[in-house]
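Have a look at the structure below, then the notes.
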Amino acid sequence: MADKANKVSENVPGPYYCDYECIACNLCVDTSPENFKMNDDESNAYVYKQPENDEEKSACEEALDACPVEAIGNDG
Ligand code: SF4
């Protein structure tokens with residue numbers, strides 16, 4: 001389970017976030033490109049936009065469930 005005390009600094013405010021357990025596998029960026037990006041040095045992913053519709057919410061949930069190290073959280 002992701003740790004909200006360990007959120008990566010680049011996340012925008014809101015329910016979804018990545019934490020520093022991220023291993024930069026890119027899965028969330030592929031699954032939910034409207035919401036996740038890799039940071040500039042590609043060391044971790046982050047949420048650059050919170051989901052704004054049901055389609056994006058589903059994609060974020062899919063990414064959360066599929067993240068291999070449980071580095072994606074939803075505290076909304
Ligand atoms: S799926 Fe998880 S480990 Fe992979 S880039 Fe996204 S947050 Fe990082």
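Here the sequence shown is numbered in UniProt numbering, starting from 1 and rising by one per residue.
Note that the Cβ used here is the ideal one computed from N, Cα and C, for glycine as well.
Problem - Residue span of the alpha helix (DSSP H) that contains Ala66, given as start and end - result: Asp54 to Ala66
Practice task
From the DSSP output, in three-state form, read off Ala45 for me.
Solution key: strand
Handout entry: Beta-carbon proximity list for Tyr16, same chain, < 8 Å, skipping 5 on both sides
Key = Asn35, Val47, Gln50, Pro51, Cys60, Leu64, Ile72, Gly73, Asn74 and Gly76
Practice task
Hey, could you find the ends of the alpha helix (DSSP H) Cys28 is sitting in?
Solution key: Leu27 to Thr31
Practice task
Answer yes or no: do Asn6 and Tyr20 have a C-beta to C-beta separation smaller than 9 Å?
Solution key: yes
Problem - Among Cys22, Thr31, Val12 and Ser9, the one whose alpha carbon lies nearest that of Ser58 - result: The shortest C-alpha separation from Ser58 is found at Thr31.
Practice task
Could you name the residues of the same chain whose beta carbon sits closer than 6 Å to that of Val69, not counting the 5 residues immediately before and after it, in chain order?
Solution key: Cβ contact annotation for Val69 (same chain, cutoff 6 Å, sequence separation greater than five): Glu21 and Ile23, in chain order.
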